[in-house]
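The structure under discussion appears below in the form of structure tokens.
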Amino acid sequence: MTPPFDTLRLPVFAAPMFLVSGPEMVIAACKAGIGGAFPTTNCRTVEDLDGWMARITGALKPGDAPWIANLITHSTNARLAEDLRLVAQYKPPVVITALGSPKPVMETVKAYGGLVFADVISMTLAKKAAAAGVDGLACVSAGAGGHTGHLSPFAFISAVREFFDGYIAVGGGVGDGAGIAGAVAAGADFVYMGTRFLATTESMAQPAYKQMVIDSGPDDLVVSDSVTGTAASWLKPSLAAAGRDPDNLGGPAVRDYASGGDNKRWRDIWAAGQGIESVKAVEPVADVVSQLEREYIAAIERFERKTFRRPALCGAA
Ligand SMILES: Cc1cc2nc3c(=O)[nH]c(=O)nc-3n(C[C@H](O)[C@H](O)[C@H](O)COP(=O)(O)O)c2cc1C
Numbered sequence: 284m285t286p287p288f289d290t291l292r293l294p295v296f297a298a299p300m301f302l303v304s305g306p307e308m309v310i311a312a313c314k315a316g317i318g319g320a321f322p323t324t325n326c327r328t329v330e331d332l333d334g335w336m337a338r339i340t341g342a343l344k345p346g347d348a349p350w351i352a353n354l355i356t357h358s359t360n361a362r363l364a365e366d367l368r369l370v371a372q373y374k375p376p377v378v379i380t381a382l383g384s385p386k387p388v389m390e391t392v393k394a395y396g397g398l399v400f401a402d403v404i405s406m407t408l409a410k411k412a413a414a415a416g417v418d419g420l421a422c423v424s425a426g427a428g429g430h431t432g433h434l435s436p437f438a439f440i441s442a443v444r445e446f447f448d449g450y451i452a453v454g455g456g457v458g459d460g461a462g463i464a465g466a467v468a469a470g471a472d473f474v475y476m477g478t479r480f481l482a483t484t485e486s487m488a489q490p491a492y493k494q495m496v497i498d499s500g501p502d503d504l505v506v507s508d509s510v511t512g513t514a515a516s517w518l519k520p521s522l523a524a525a526g527r528d529p530d531n532l533g534g535p536a537v538r539d540y541a542s543g544g545d546n547k548r549w550r551d552i553w554a555a556g557q558g559i560e561s562v563k564a565v566e567p568v569a570d571v572v573s574q575l576e577r578e579y580i581a582a583i584e585r586f587e588r589k590t591f592r593r594p595a596l597c598g599a600a
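284 is the number of the first residue of the sequence shown in our numbering; add one for each residue after it.
Next up, the structure:
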């Protein structure tokens with residue numbers, strides 16, 4: 284891997300999570316050897332964002348994995364221009380755009396040598412982002428927490444590889460190291476993991492949210508556009524606690540990604556993805572990464588044992 288990815292211990296990005304990922308999680312992830320991302324919308328003001336970026340860049344040293352800023356480029360994000368000014372100042376090695384075109388960030392990030400990835404949930408969006416000249420695509424697939432995709436990660440990776448030779452980070456339902464190995468074997472460069480880090484010590488999620496993630500499994504999730512106006516994967520017990528009937532959620536809500544209204548929806552109703560079963564306790568990010576690494580290595584060894592006919596297939600036997 285070339286810079287900035289040559290410092291990765293595992294091909295994983297801790298994915299950006301609204302109201303969950305902050306400087307502690309980003310720093311812990313980068314120190315543990317995986318990319319660490321946060322959405323700039325987690326800062327209520329530009330001054331807060333300045334403080335966060337100063338803390339992150341002050342804590343990280345050469346050899347740490349890259350930190351990643353996630354920018355919502357949807358038209359409802361009125362702060363995009365101001366956030367971009369801080370991006371130009373602090374130079375995150377990777378910027379991932381979401382819920383809009385990557386075009387508004389390209390010039391700024393390219394000017395300092397950063398890489399732009401676009402979060403996409405469909406082939407149409409993937410093709411548009413590739414045409415805009417992004418370096419990578421975060422292919423968010425079925426099973427993802429938060430705003431989810433609907434495609435199988437296997438189908439998505441191979442279809443994108445037909446026209447895109449940049450980086451592919453695949454996200455959605457990967458909770459353990461075997462899933463990381465599977466995604467890499469299927470053609471991804473990185474895995475974009477949110478849910479696995481929801482209940483970490485460094486996560487800003489409320490304690491009751493972390494406990495619900497630990498206590499819940501994939502059957503406790505429902506995908507609905509009735510909360511934010513876009514399909515997202517929610518924890519049913521949190522919907523019930525907020526007075527909503529998880530089995531009868533009604534039609535789509537009005538889209539609103541960046542205002543206080545949306546903030547309230549995400550604070551009261553909690554998102555998670557299908558990799559949720561892997562979360563068993565509140566643990567430091569570093570311990571989760573060590574476990575993922577052990578599982579990843581075990582999966583590779585298993586894979587090698589399974590491909591016992593490979594020498595014959597290669598004509599070597
Ligand atoms: C609680 C939560 C909040 C999220 N917030 C954001 C966000 O603000 N911006 C974004 O691009 N993606 C967001 N996501 C999606 C993640 O970045 C990532 O695509 C997803 O978590 C990957 O699937 P997984 O949760 O199954 O690992 C969120 C996911 C979760 C679980």
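All C-beta atoms, glycine included, are put in the ideal place defined by N, C-alpha and C.
With a cutoff of 6 Å, A482 does not count as near ligand 1, since its C-beta is closer than that to no heavy atom of the ligand. Sequence-distant partners of D528 (beyond 5 residues in either direction) whose C-beta falls short of 8 Å from its own C-beta, in its chain, are L522. In the three-state reduction of the DSSP assignment, D498 falls in the helix class. When only Cα atoms are considered, T285 and Y450 end up about 11 Å apart.
Beta-bridge analysis with DSSP links F321 to A352. Looking only at A569, F288 and I552, the smallest Cα-Cα distance to L398 is reached by F288. In this model, M406 and A381 are separated by some 15 Å (Cα to Cα).
Residue A427 holds the alpha-carbon nearest to the alpha-carbon of A298 among P535, L332, S516 and A427. Taking a 10 Å sphere around the C-beta of D402, we find 16 or more other C-beta atoms and assign the residue as buried. Closer than 6 Å to some heavy atom of ligand 1: that does not describe the Cβ of N360. In terms of CA proximity to N325, L302 leads the group L302, F437, S499 and M308. Proximity to L332 across E560, G316, V370 and L343 peaks at V370, based on C-alpha coordinates. In this structure G383 is not in contact with I351, their Cβ atoms being roughly 17 Å apart against a cut-off of 8 Å. E390 and T328 have their alpha carbons spaced roughly 24 Å apart. W517 carries a strand assignment under DSSP once its states are collapsed to helix, strand and coil. Exposed is the label assigned to K563, since fewer than 16 other Cβ atoms lie within 10 Å of its Cβ. For the segment 322 to 399, the full-length alpha helix (DSSP H) segments reaching 4 residues or more read 329 to 342, 363 to 373 and 386 to 394 along the chain.
For I339 and V457, the gap between their C-alpha atoms comes out near 26 Å.
Non-local C-beta neighbours of F437 in its own chain, meaning closer than 8 Å and more than five positions away in sequence, comprise A469, ordered along the chain. Q489 is classed as exposed because its beta carbon has fewer than 16 other beta carbons within 10 Å across all chains shown.
Pairing A361 with R538, the inter-Cα distance amounts to about 14 Å. Judged by DSSP secondary structure, L408 falls within the alpha helix (DSSP H) whose first and last residues are M406 to A414. Pairing A415 with K386 gives a Cβ-Cβ distance under 7 Å.
With 16 or more other CB atoms across the displayed protein chains lying within 10 angstroms of its CB, I463 is buried. Distance from the Cα of I583 is smallest, within the candidate group S516, P535, A555 and A466, for A466. By a beta-carbon distance limit of 8 Å, V505 does not contact M308. Their separation comes to about 26 Å. In this structure, the beta-carbon distance from F586 to F473 does not fall below 7 Å. Taking C-beta atoms as the reference points, I317 and L343 fail to come closer than 7 Å. Closest option to V417, judged by alpha-carbon separation, among A452, T431 and S435: A452. For L420, the enclosing beta strand (DSSP E) begins and ends at G419 to V423. In the DSSP secondary-structure assignment, G454 is bridged to V423 and Y475.
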